[in-house]
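Undergrad:
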Amino acid sequence: VSGSRYYFHLGRKYTADETRGLMREAWKQTAHGIVLKELSEHQLNLKRENAMKVASKLMSIRRQNVRQNGVLKELAQLLNQHGVNYAVVKGQVAGLNYPDPTLRLSGDIDIFCDGEDFKKAKEVVEQAWHVCYESFPVEHHHISFSYKNIAVEQHHTLIKLYSHRRNAYWAELCREPFTEVSIEGTKIPTLQPTLHVIYIFLHLY
597 VSGSRYYFHL
607 GRKYTADETR
617 GLMREAWKQT
627 AHGIVLKELS
637 EHQLNLKREN
647 AMKVASKLMS
657 IRRQNVRQNG
667 VLKELAQLLN
677 QHGVNYAVVK
687 GQVAGLNYPD
697 PTLRLSGDID
707 IFCDGEDFKK
717 AKEVVEQAWH
727 VCYESFPVEH
737 HHISFSYKNI
747 AVEQHHTLIK
757 LYSHRRNAYW
767 AELCREPFTE
777 VSIEGTKIPT
787 LQPTLHVIYI
797 FLHLY
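Numbers 597 to 801, taken from the numbering used here, label the letters of the sequence shown in order.
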């Protein structure tokens, strides 16, 4: 793990403290699933109790991704049926760039739709799923709800820049036709690749 003092080698037993230390570092860098898979596949000489924990956590990460993909597919089908124009950003879409997307540490589902589509999406979801939306301060640019224990954030603005001219240009870019990716056979609209990368960078920054 980059920047970590933990290194695993073949041919020796690893203590519970060493294993926990590696996992803490992996968690900080959102590489938990990837590290767990390496530990599991390379059959490093972990003690039995540590090996069982690795297998259990790896299974938990995979199951969470399956649950989240399930909700994302339901949401996509619902919005598509009602003609809502939206894009899914970050999260499961970005996870498609992983060698194994099921190893991504999943969080919430982020969708973007502005103007009338934002209002329509909220009405459609409330009516179909009977969920309660939670509002946030205006600077958060989103509202959210939970469905099947998966959090969904609905954004009317992806990011706010410190310039009216740049904000207008960004909004114009976000109104360009979306592209599509496939998640478990379901077409999911998302931002064009370059714009998506820029957005993720700005979001992290």
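The C-beta atom is built at its ideal place from N, Cα and C for all residues, glycine as well.
1) Pull up the distance between the alpha-carbon of Pro773 and that of Val650, whole angstroms please.
2) Alpha carbon to alpha carbon, what distance is there between Pro733 and Asp706?
3) Beta-carbon separation of Val685 and Phe708 under 9 Å?
4) How is the beta strand (DSSP E) around Pro785 delimited, first residue to last?
5) Return the CA-CA distance between Arg601 and Met655, expressed in angstroms with no decimal places.
6) Just to confirm the assignment, what range does the alpha helix (DSSP H) spanning Ile794 have?
7) Of all the options Pro697, Leu632, Gly617, which has the alpha carbon lying nearest to the alpha carbon of Ser778?
8) Look at the Cβ atom of Gly666, then the Cβ atom of Gly687, and state whether they are nearer than 9 Å.
9) Within 10 angstroms of its Cβ, does Tyr758 collect 16 or more other Cβ (buried), or is it exposed?
10) Pick helix, strand or coil for Ile707, following the three-state DSSP scheme.
11) Round the Cβ separation of Leu674 and Ile630 to the nearest angstrom and send it over; I've been treating them as touching at under 8 Å.
TA: In terms of the structure at hand:
1) 42 Å
2) 17 Å
3) yes
4) 782-786
5) Legend: pLDDT at Arg601 = 49, less than 50; position of this residue unreliable, value from coordinates given subsequently. Distance between the alpha carbons of Arg601 and Met655 is about 26 Å.
6) 789-800
7) Pro697
8) no
9) exposed
10) strand
11) Between Ile630 and Leu674 the Cβ distance is about 32 Å, and since that is not below 8 Å, they are no contact.
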